[in-house]
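Accompanying notes for the structure given below.
Protein chains: 2
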Amino acid sequence: MTGPVFDAAFRDQLDCLLAWRRDVRHFQTRNMPDGLLDTLLEAACHGPSVGNAQPWRFVRIRSPERRAALIAEVDTQKRAAGEAYSGDHKALYETLKLHGLREAPEIVAVFCDEQSETGHGLGRATMPETLCWSVVTAVQTLWLSARAHGIGMGWVSIINPAGMNAMLDVPAHWRFIALLCLGYPERETDTPELVRHGWQDRLPPTTTRLER
Amino acid sequence: MTGPVFDAAFRDQLDCLLAWRRDVRHFQTRNMPDGLLDTLLEAACHGPSVGNAQPWRFVRIRSPERRAALIAEVDTQKRAAGEAYSGDHKALYETLKLHGLREAPEIVAVFCDEQSETGHGLGRATMPETLCWSVVTAVQTLWLSARAHGIGMGWVSIINPAGMNAMLDVPAHWRFIALLCLGYPERETDTPELVRHGWQDRLPPTTTRLER
Numbered sequence: 486m487t488g489p490v491f492d493a494a495f496r497d498q499l500d501c502l503l504a505w506r507r508d509v510r511h512f513q514t515r516n517m518p519d520g521l522l523d524t525l526l527e528a529a530c531h532g533p534s535v536g537n538a539q540p541w542r543f544v545r546i547r548s549p550e551r552r553a554a555l556i557a558e559v560d561t562q563k564r565a566a567g568e569a570y571s572g573d574h575k576a577l578y579e580t581l582k583l584h585g586l587r588e589a590p591e592i593v594a595v596f597c598d599e600q601s602e603t604g605h606g607l608g609r610a611t612m613p614e615t616l617c618w619s620v621v622t623a624v625q626t627l628w629l630s631a632r633a634h635g636i637g638m639g640w641v642s643i644i645n646p647a648g649m650n651a652m653l654d655v656p657a658h659w660r661f662i663a664l665l666c667l668g669y670p671e672r673e674t675d676t677p678e679l680v681r682h683g684w685q686d687r688l689p690p691t692t693t694r695l696e697r
Numbered sequence: 486m487t488g489p490v491f492d493a494a495f496r497d498q499l500d501c502l503l504a505w506r507r508d509v510r511h512f513q514t515r516n517m518p519d520g521l522l523d524t525l526l527e528a529a530c531h532g533p534s535v536g537n538a539q540p541w542r543f544v545r546i547r548s549p550e551r552r553a554a555l556i557a558e559v560d561t562q563k564r565a566a567g568e569a570y571s572g573d574h575k576a577l578y579e580t581l582k583l584h585g586l587r588e589a590p591e592i593v594a595v596f597c598d599e600q601s602e603t604g605h606g607l608g609r610a611t612m613p614e615t616l617c618w619s620v621v622t623a624v625q626t627l628w629l630s631a632r633a634h635g636i637g638m639g640w641v642s643i644i645n646p647a648g649m650n651a652m653l654d655v656p657a658h659w660r661f662i663a664l665l666c667l668g669y670p671e672r673e674t675d676t677p678e679l680v681r682h683g684w685q686d687r688l689p690p691t692t693t694r695l696e697r
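These protein sequences, in sequence, are chains A and B. Residue numbering for the first sequence follows my numbering, starting at 486 and increasing by one per position. Residue numbering for the second sequence follows my numbering, starting at 486 and increasing by one per position.
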């Protein structure tokens, strides 16, 4: 079997996609086209998974009451996390918008099914955490697929994970991984919001590489 | 600022990339072109990270002695993990090739720097594990970028993570995430090796989705 050959033009566009993927917190309220979310979730399921366990579970939030509860939880956690900062960082923290849960037309919670027999445990005897890492790769796959459709995504992580199963009425053995906002972004940029606001610059590549 | 608009032709190719990304364990021994690994690692650094913490640390293995030690460790762990199976699964397990550490021209170990101040803790007060999840998204980004260059990648996870820092002489506060093999694959396929060998089929999409 011969696989597809990707050319330089495709690779340039892929690099462009990577460079313009953003963690989006500012969304337009207009809906995504019918069926697009399903298309994106299908793409996400092409992420790798340890032992082909496919442990990702996606929960699309439709209920306005559940959306309101999520907003309340994240706003509470944002305030609590702010206590850790002082001075310039404190002032800057207060100005950062950390989620688009009010505006985004789609909200998806992502869990890892930690009791599924799928994959028969292969590849995770010594590193059981690779099961939920498989779900994380699906999130990045979803992110890139969304951006290719002009859809922005934001990953909200200031949340008490232990409360999510009851709040969303999902099985207790699912581990909460991510709360995602999806929709058309208000603006597009190749610069991360935290760089633009002076919170954290990009590191030079040499900082992150060694040879041994 | 107006971002790039990706068209249906690009999206079709991206879907094709996702479908033909594989966890590769069978490599040709020929080298990758000079500089390509650096190009791929640069792409990986465009993965998202919590608070823009960029905690990924990539260690390129050059020493034959270190490669030999990694092979010994993984082969030992593969045998140990095999004890958990019996019957048909046991027989099938014995036939599975789980890594290409002997043949792959490039081996990269990936760690998470858990003490870096970069990102100033933003976004991980309630879920500190999102720091190492950021590194996991970089691995998936690397995987896709590699495949776009015709390079296959395999993630080896049957390894004792606690032993990796000493074996590779990296700081003790780096957390081991992944051992990656990279090189030209022996063959290409759109079917995961574990599906082909009857270990684990793909799940239907409905298995992984709920509405709430």
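Glycine is no exception: its CB is placed at the ideal position from the N, C-alpha and C atoms.
- Query: From which residue to which residue does the alpha helix (DSSP H) around Ile556/A run?
  - Reply: Pro549 to Gly567
- Beta-carbon proximity list for Thr514/B, same chain, < 6 Å, skipping 5 on both sides: Glu588
- Val535/B: contacting residues in chain A (beta-carbon distance under 7 Å): Ser642
- Item | Contacts around Trp628/B, its chain only, beta-carbon distance under 7 Å, and the 5 residues preceding and following it disregarded | Arg506 and Met638
- Which residues bound the beta strand (DSSP E) around Gly572/A? No beta strand (DSSP E) contains Gly572/A, which is instead part of the alpha helix (DSSP H) from Gly572 to Thr580.
- Query: Buried or exposed: where does His658/B fall if 16 or more other Cβ atoms within 10 Å of its Cβ makes it buried?
  - Reply: exposed
- Which of the three DSSP states, helix, strand or coil, is assigned to Trp640/B? strand
- Quick one: grab the DSSP three-state call for Trp659/B. strand
- Neighbouring residues, chain B, relative to Ala528/A (Cβ below 7 Å): Asp500 and Leu503
- What is the DSSP secondary structure of Cys597/B, reduced to helix, strand or coil? strand
- Item | Check whether Ile644/B and Glu558/B have beta carbons under 7 Å apart | yes
- Task: Compare the C-beta of Asp560/B with all C-beta atoms of chain A and state if any pair is closer than 7 Å.
- Result: no
- Pro656/B to Phe596/B, Cα distance in whole Å? 10 Å
- Message: Using only CA atoms, which one of Ala528/A, Leu583/A, Val624/A and Glu599/A lies nearest to Pro677/A?
- Response: Leu583/A
- Looking at C-alpha atoms only, which residue of Val535/B, Thr626/B, Glu599/B and Met649/B is the closest neighbour of Gly532/A? Thr626/B
- Query: Under 7 Å, do Ala663/B and Trp640/B count as touching if we go by C-beta distance?
  - Reply: yes
- Taking all protein chains shown into account, do 16 or more other C-beta atoms lie within 10 angstroms of the C-beta of Asn516/B, making it buried, or fewer, making it exposed? exposed
- Message: Check whether chain A comes within 7 Å of Trp618/B, counting only Cβ atoms and requiring the distance to be less than that.
- Response: yes
- Is the shortest distance between the beta-carbon of Ala553/B and the beta-carbons of chain A less than 7 Å? no
- Query: With a cut-off of 7 Å, does the C-beta of Ala633/A fall near any C-beta of chain B?
  - Reply: yes
- Task: Let me know the secondary structure DSSP gives Glu678/B once reduced to three states.
- Result: helix
- Query: Checking contacts by CB at 7 Å: is Thr615/A closer than that to chain B?
  - Reply: yes
- Item | Closest by C-alpha distance to Ala554/A, when choosing among Phe661/A, Leu502/A, Leu586/A and Asp686/A | Leu586/A
- Message: Are the CB atoms of Val593/B and Phe482/B within a distance shorter than 7 Å?
- Response: It is not possible to answer for residue 482/B, since the shown part of chain B is limited to 486 through 697.
- Do you know offhand how far His511/B's Cα is from Asp675/B's? 15 Å
- Establish whether the CB of Gln539/B and some CB of chain A are separated by less than 7 Å. yes
- Task: Check whether the Cβ of Phe495/A lies closer than 7 Å to any Cβ atom in chain B.
- Result: yes
- Query: Under a three-way DSSP split, which group does Trp541/A fall into?
  - Reply: strand
- Task: Output, in sequence order along the chain, the residues in the region 596-616 of chain B whose CB is closer than 7 Å to any CB in chain A.
- Result: Thr603, Gly604, His605, Gly606, Leu607, Gly608, Arg609, Ala610, Thr611, Met612 and Thr615
- State the DSSP-derived secondary structure class of Glu591/A, mapped to helix, strand or coil. strand
- Any idea what DSSP makes of Leu525/A, helix, strand or coil? helix
- Item | Chain-ordered neighbours of Gly488/A on chain B, where CB pairs are closer than 8 Å | Trp505, Glu673, Thr674 and Asp675
- Report yes or no: do three or more beta-carbon pairs, one from the region 597-604 of chain B and one from the region 600-608 of chain A, lie closer than 8 Å? no
- Item | Proximity winner among Asp497/A, Cys501/A and Asp573/A, relative to Arg632/A (alpha-carbon distances) | Cys501/A
- Can you give me the start and stop residues for the alpha helix (DSSP H) that Leu627/A sits inside? Thr615 to Ala633
- Query: Between which two residues does the beta strand (DSSP E) carrying Leu688/A extend?
  - Reply: Per DSSP, Leu688/A belongs to no beta strand (DSSP E) and is neither H nor E.
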